[in-house]
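Just below is one structure, and these are the notes that go with it.
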Amino acid sequence: SANAYVVDVETTDTNPMLAQLVGIAIGVGQGEAYYVPVFSEQSPVNSNQTIGQLAFDTKTTPDTRHPSLDRNHVLAKLKPIFADTSIAKYAHNAKYDLTVLAEAGVETRGLTFDSIIAAHLIEPSSQSLGLKNLVYTKFGVEMTEIEALIGKGKNQISMDQVDVAQASRYACADADYTFRLVEHYQPQLAQQGVADLFKNVEMPLVPVLMEIERTGVLLDLDFLRAMSGDLTRRLLELEKQIQAMVGAPLNIASPQQLADALFNKLRLPTAGLPKTSTGKISTAADILDSLRGAHPIIPLILEHRELSKLKGTYVDALPALVHPRTRRVHTNYNQTGTVTGRVSSSNPNLQNIPIRTELGRQVRRAFIAPRGSKLISADYSQVELRILAHITRDPGLLDAFAHGEDIHAATAARLFNVPLDQVTSDMRRHGKTMNFGIAYGITDYGIAARTELSQTEARQLISNYFTQFAGVKAYIENTKREARERGYVQTLLGRRRYFPELQNATRNVAARNSAEREAINMPIQGSAADIIKIAMVHLHRELHTRNLNARMILQVHDELVIECPDAETKTVAPLVREIMENAYILESKLKVDVAVGQNWDEAK
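Okay, so the sequence shown: first residue is -12 according to this note's numbering, each after it adds one.
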């Protein structure tokens, strides 16, 4: 009879695509929650009894183990309730619970509140958004940890082996305190100006990400197997060449051995190079990159590192992650993993595959469409620069975008005071460095490190940029002032990031400068994150409303990848572009590049 309730599932696995449903806790108010066991190692009870007769509430303290209900009986009773949009559903980390239920055949509609997302919007810098931690910090209550039920290490059991009465108390407490968190956060969302963002963007995104994850991506396993063999052979070649140059066996993966080989045996220059906490010269990638011209061994080591990482992280790892039933790879998208609002990906991270190298593009070739389908890639073009132009209202940037000019060439023309058609490739490169660097608070030192310019020349370039693009300069100064005065900055949609360190009189100049750079970047990168989320919500709705079979399968920051039947590509490709370009109206209009291919690389 409740018009809103919390749902919390107990399962056998933290991966919702592999988890078996053990029980469902339902919280209907503070201090009132019920547990329905649906799977255990015990025999099921008489399925003629109703769920209500066999649900355990928070006050139940039986001395004997209770059997579980028949799974099919439970799900048949629950399906109409979970599908009823007139009943609001709450959860903590709803995507997990709803995915488990969906995999069990129960579709949940009417999700209106996820307390982990609310907590993240209100405290975006918090790294501890788990239910137990939030309950302790907000209410001072120490909840039972899961390890108290299932143990740890080699003696750990799964939730289906836990005494049902114990599981009931644990699950009901989770549901009860989730309800309390919902009531705690609801007024705060409005007070902090993020209620609309929560209601219209973040909550509608949950089922979108859930569908992307459940759909998964198809891999060409034969291609990856062949690529692994090629990489193994090349790595062996590199190891032989490197060891021949050193004149002794060498574990290239050991920073200590590598430092000894480079700086003691080969006597490469060490002046100005940073040291590790143990006093050794660092062999980090950027340090080695600065030594490229010092010895022919350096490019070989850097190549070895790149190939090793690619092989271990993707080429060999991805096939092992193929789901036994779907035969696809299912990543996890996290809405609460970044302070800027960007969605992050893990297990595996499919947002970090290199795109600028040939080997990275080869890995993308392994992401394929099934027979009779294609992949559509839709990528926002220079979205952060367009947002910068919109926010700053800088005439130079707006004019360049309005006329469809190459923004980096147009910037270079202004910086070097030459006609657009006389901009050289070096000039354009400097323009690009400035365009992308300014939004991240780049310094003269940073520009000098990325170009052949001296710090003095880089300083002059920054001065020229701010003269030509005065709106950007004003934005930077205004943003720093607002961050100091208000303690936060926000995106176009009101997402906030807080900077208490800028309100405190810290003596740490480096920390203050870093916070100011992050404050300058937040409205830009955060707005880009908000915009693609809006596009995803709208695209998901349109695909379903039009009864199309195309489905989003990847989100990589400013790019969406859609798996689309061949018969729908002529409809879906322009639809995707239209939705993405109109997700948010900027003065410097959004532009989307769309491509179609049999694999991800072809569709770029």
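Note that beta-carbon positions come from the ideal geometry of N, C-alpha and C, so glycine has one too.
- For SER575, there is no enclosing beta strand (DSSP E), as DSSP marks it with neither H nor E.
- Contact annotation, THR327 with ALA516: C-beta distance approximately 6 Å; criterion of less than 8 Å satisfied.
- Residue pairing by DSSP places GLN542 opposite LEU547 in a beta bridge.
- In this structure, the CA atom of LYS460 is about 5 Å from the CA atom of PHE453.
- Assignment of beta-bridge partners to ILE13 by DSSP yields VAL(-6), TYR21.
- When THR165, LEU278, GLN243 are compared, the shortest CA-CA separation from LEU260 is found for LEU278.
- Under the three-state reduction of DSSP output, PHE453 falls in the helix class.
- Counting along the chain, no alpha helix (DSSP H) covers GLN114, and no H or E run does either.
- By the beta-carbon neighbour count (other beta carbons within 10 angstroms, threshold 16), PHE388 is buried.
- Our two residues, VAL496 and GLU505, have alpha carbons roughly 14 Å apart in a direct line.
- Between GLU550 and LEU385, the C-beta spacing is not below 8 Å.
- Contact between SER102 and THR165 holds, since their C-beta atoms are separated by about 6 Å, short of 8 Å.
- In the assembly as shown, GLN512 is a buried residue. Its beta-carbon has 16 or more other beta-carbons within 10 Å.
- Per DSSP, the continuous alpha helix (DSSP H) segment holding ILE507 begins and ends at 496 to 532.
- For TYR432, the enclosing alpha helix (DSSP H) has its first and last residue at 431 to 437.
- Setting aside the 5 residues that flank it on each side, MET523 is surrounded in the same chain by VAL195, each with a C-beta closer than 6 Å to its C-beta; the list follows chain order.
- ILE355 has LEU205, ASN586 as its beta-bridge partners, per DSSP.
- Between the region 204 to 220 and the region 346 to 362 there are three or more inter-stretch CB-CB distances shorter than 8 Å, so the stretches are counted as touching.
- With the rule of 3 Cβ pairs closer than 8 Å, the region 291 to 311 does not count as touching the region 473 to 487.
- Using a C-beta cut-off of 8 Å, the region 148 to 166 makes contact with the region 76 to 88, since at least three inter-stretch Cβ pairs fall below that distance.
- CYS159 places its beta carbon 8 Å or farther from that of TYR(-8).
- Taking the C-beta atoms as reference points, PRO306 is found no nearer than 8 Å to LEU222.
- In terms of CA proximity to TRP587, ILE340 leads the group THR379, LEU62, ILE572, ILE340.
- Approximately 7 Å separates the beta-carbon atoms of PRO24 and ALA154; this is inside 8 Å, confirming the contact.
- In the DSSP assignment, SER155 falls within the unbroken alpha helix (DSSP H) covering 151 to 178.
- As for any alpha helix (DSSP H) of minimum length 4 sitting wholly inside the region 376 to 446, the runs are 382 to 389, 394 to 403, 412 to 425, 431 to 437, ordered along the chain.
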